[in-house]
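Numbering (the numbering used here), first residue to last: 90 to 236.
Everything on this sheet refers to the single structure shown next.
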């Protein structure tokens with residue numbers, strides 16, 4: 090199975106989207122520049138930005154994870170805890186199986202900073218790419234997500 094993956098962090102003001110890259114040990118990690126959007130951007134802009142982030146995913150193989158959390162680095166904050174303290178997370182995966190599909194996962198932030206998935210929805214490519222349905226699914230997941 091081939092997979093592309095991106096993370097979307099948001100608070101009441103901004104959305105931050107970053108592509109995941111693969112480490113030599115096979116795990117995925119957040120890496121690279123964040124795309125920052127206003128919270129109330131259009132579905133068209135959100136859809137386009139998500140697809141761009143997914144296209145950039147798994148284009149680099151890293152030896153090890155960066156010591157500085159990428160969101161903290163983007164925000165100019167030294168602590169990952171502070172950088173993510175007020176942010177929800179939605180995970181977006183694009184699976185390239187026989188029937189390619191997107192998986193959108195709402196999360197709940199735990200006290201230890203982990204974001205376990207609480208609910209996922211799968212959307213076939215054709216459906217996700219019509220009428221900004223991927224962005225609509227992400228916005229629904231963001232409403233379900235909590236901090």
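Glycine residues also receive a C-beta, built at the ideal position from the N, C-alpha and C atoms.
Determine the direct distance from the alpha carbon of residue j to that of residue i, and round the result to whole angstroms.
| i | j | result |
| --- | --- | --- |
| residue 228 | residue 96 | 13 Å |
| residue 110 | residue 159 | 12 Å |
| residue 142 | residue 211 | 18 Å |
| residue 90 | residue 201 | Confidence at residue 90 is low in this model, with a pLDDT of 49, below 50, so the placement of that residue should be treated as unreliable; the coordinate-derived value is given next. Using only the alpha carbons, I get a separation of about 31 Å. |
| residue 209 | residue 92 | 16 Å |
| residue 214 | residue 171 | 36 Å |
Run through the DSSP bridge pairs and tell me what residue i is partnered with.
| i | result |
| --- | --- |
| residue 213 | 190 |
| residue 181 | 95, 193 |
| residue 104 | 99, 126 |
My assumption, with CB atoms under 8 Å, is that residue i sits in contact with residue j. Please give the rounded CB distance.
| i | j | result |
| --- | --- | --- |
| residue 139 | residue 106 | 6 Å |
| residue 224 | residue 126 | In fact, because the Cβ distance is near 11 Å, the residues do not count as touching under 8 Å. |
With 9 Å as the threshold, decide whether the Cβ of residue i is near any Cβ in chain C.
| i | result |
| --- | --- |
| residue 149 | Here there is only one protein chain, and chain C is not present. |
task: Please determine if the stretch 184 to 194 and the stretch 154 to 170 are in contact, where contact requires at least 3 C-beta pairs separated by less than 8 Å.
output: no
- prompt: Are three or more beta carbon pairs between the stretch 175 to 183 and the stretch 99 to 107 nearer than 8 Å?
  reply: Note that the stretch 175 to 183 touches the stretch 99 to 107; at least 3 beta-carbon pairs, one per stretch, sit closer than 8 Å.
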